[in-house]
Amino acid sequence: VHNVSRTSSSPVPSIVVSNYTDKSFGNASYSLKFSLPDQTYLALSHCDTNIMMNNSSTSHRVLIDNQLYTFPDIEQRYFSQRISSGHWWPTTCQPRQRLAIIVSYRNRDIHLKLFLNNLNPFLQQQQLDYTIFVVNQHDDNLFNRARLFNIGYIEAMKLNNYTCFIFHDVDLLPEDDRNVYQCSDQPRHLAVAIDKYTYKLPYSTYFGGAAAFQQRDYVDVNGHSNIFEGWGGEDDDIGLRVLRRLKKDIIRYPMEIARYRMIRDRGHVASTVNPNNVKILQSNYNYDLDGLSTTSYTLNNIRYYKLFTLINVTLAAVNWTQVQTILKIS
Numbered sequence: 101v102h103n104v105s106r107t108s109s110s111p112v113p114s115i116v117v118s119n120y121t122d123k124s125f126g127n128a129s130y131s132l133k134f135s136l137p138d139q140t141y142l143a144l145s146h147c148d149t150n151i152m153m154n155n156s157s158t159s160h161r162v163l164i165d166n167q168l169y170t171f172p173d174i175e176q177r178y179f180s181q182r183i184s185s186g187h188w189w190p191t192t193c194q195p196r197q198r199l200a201i202i203v204s205y206r207n208r209d210i211h212l213k214l215f216l217n218n219l220n221p222f223l224q225q226q227q228l229d230y231t232i233f234v235v236n237q238h239d240d241n242l243f244n245r246a247r248l249f250n251i252g253y254i255e256a257m258k259l260n261n262y263t264c265f266i267f268h269d270v271d272l273l274p275e276d277d278r279n280v281y282q283c284s285d286q287p288r289h290l291a292v293a294i295d296k297y298t299y300k301l302p303y304s305t306y307f308g309g310a311a312a313f314q315q316r317d318y319v320d321v322n323g324h325s326n327i328f329e330g331w332g333g334e335d336d337d338i339g340l341r342v343l344r345r346l347k348k349d350i351i352r353y354p355m356e357i358a359r360y361r362m363i364r365d366r367g368h369v370a371s372t373v374n375p376n377n378v379k380i381l382q383s384n385y386n387y388d389l390d391g392l393s394t395t396s397y398t399l400n401n402i403r404y405y406k407l408f409t410l411i412n413v414t415l416a417a418v419n420w421t422q423v424q425t426i427l428k429i430s
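Take 101 as the starting number for the sequence shown in the working numbering and just add one per residue.
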């Protein structure tokens with residue numbers, strides 16, 4: 101079990117307790133180590149961060165590919181032999197940010213393939229230095245999306261000094277190439293206009309789907325909550341952390357740019373609604389008591405697939421009595 105301190109200068113190693121293998125990824129290529137650029141990359145001039153905004157193309161719409169490909173097919177389409185562990189970088193310039201895309205995951209093989217097949221060309225066109233981390237909850241407890249995001253941050257920082265983090269749902273695909281995946285001085289809500297919600301914000305404070313944090317902001321906000329199990333509340337909670345703890349406003353691209361298509365169910369069963377999450381959200385608890393600094397989990401293993409780094413974890417369930425004790429609420 102692993103705990104991380106917000107004030108710690110170096111991560112504490114997690115304990116590997118099993119040699120877990122996920123059969124879902126059995127035909128995907130993998131490596132024994134995490135890939136990093138060589139020294140020649142560091143000598144390159146910086147990439148143009150406005151490359152997509154300055155594109156004079158009359159249409160910025162991204163053509164969504166709904167074809168379901170195998171992992172090997174996707175590897176051949178978007179990744180050269182020199183790349184592994186979901187880490188890609190341009191060879192003609194050096195991006196100013198090192199981007200980690202954290203995806204919470206459980207039993208969504210079809211969604212993941214569609215996500216990887218569409219997101220990789222989108223990111224590579226933007227000339228980003230990015231790594232995709234898939235954090236897999238390997239247990240039958242209620243899905244804990246927010247804690248998986250914290251775990252992704254912790255484990256990613258052990259592998260590279262990332263400066264920008266995007267926390268992303270696996271079923272959302274960007275539809276406009278001006279939606280640049282980079283971080284700013286303020287947290288950015290990326291998934292502003294989703295087709296499921298007729299390309300409008302479902303409510304003014306909505307912060308779900310995909311969000312970008314520069315590294316220091318994610319630490320200062322104490323990450324996501326660890327105790328929102330099942331469906332609902334965790335996005336509103338992190339939004340409140342930004343406003344109340346970080347004391348920053350959330351920024352957004354215009355709706356015509358921050359457009360997303362949601363992958364339809366394709367066999368996926370949605371998480372169970374948890375009524376306790378509303379109580380937590382309304383409690384106005386102290387964010388020091390729960391968040392990145394209190395994240396605990398069992399790390400089963402990490403595997404460096406060509407298309408992504410897979411982080412397999414087991415989470416202990418948290419009942420309402422435990423929540424009350426942790427947050428010191430009644």
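The C-beta atom is built at its ideal place from N, Cα and C for all residues, glycine as well. Remember, it's a predicted structure, so these values are computed and weren't measured experimentally.
Spatial neighbours of residue i in its chain, beta-carbon cut-off 7 Å, leaving aside the 5 residues before and after
i	result
Arg206	Asn236, Gln237 and Phe243
Leu168	Ile210, Lys213 and Leu214
Thr149	Arg196 and Gln282
Gly332	Val373, Asn374 and Asn377
Tyr387	Asn322, Arg341 and Arg345
Val270	Val203, Tyr205, Arg208, His211, Leu212 and Phe215
Asp365	none
Anticipated Cβ contact below 8 Å, residue i with residue j, distance rounded
i	j	result
Ala358	Leu290	6 Å
Ser135	Ser185	5 Å
Pro287	Phe313	5 Å
Asn326	Ala246	7 Å
Leu427	Tyr385	4 Å
Met355	Tyr299	6 Å
Ser145	Gln194	7 Å
Ile380	Val418	Going by Cβ atoms, the distance from Ile380 to Val418 rounds to 10 Å, so no, they are not a contact pair.
Asn218	Asp165	6 Å
C-beta contact flag for residue i and residue j at 8 Å
i	j	result
Ile100	Phe408	No information on residue 100 is available, as it lies outside the stretch 101 to 430 that the chain covers here.
Val292	Arg361	no
Leu272	Ile294	yes
Tyr262	Gln315	yes
Ser432	Ile350	Nothing can be reported for residue 432: it is not among the residues displayed for the chain, which extend from 101 to 430.
Trp189	Phe179	no
Buried or exposed by the 16-neighbour rule on C-beta atoms within 10 Å, applied to residue i
i	result
Tyr404	buried
His324	buried
Asp337	buried
Tyr303	exposed
Ser393	buried
Asp240	exposed
Leu223	buried
Arg177	exposed
Leu142	exposed
Leu163	exposed
Arg161	exposed
Proximal residues to residue i (C-beta, below 6 Å), its chain only, five neighbours per side dropped
i	result
Ala128	Phe171 and Tyr405
Thr305	Gly339
His268	Ile201, Val203 and Ala310
Asp320	Leu346
is_contact[residue i, chain B] using C-beta, thresh 8 Å
i	result
Glu275	Among the protein chains of the structure shown there is no chain B, as only one such chain exists.
Neighbourhood of residue i by C-beta distance below 8 Å, restricted to the same chain and skipping five residues each side
i	result
Tyr253	Ala200, Ile202, Phe265, Tyr318, Gly323 and Leu392
Tyr120	Because Tyr120 carries a pLDDT of 46, less than 50, the predicted location of this residue cannot be relied on, and no value is offered for it.
Phe125	Phe171, Arg403, Tyr405 and Leu410
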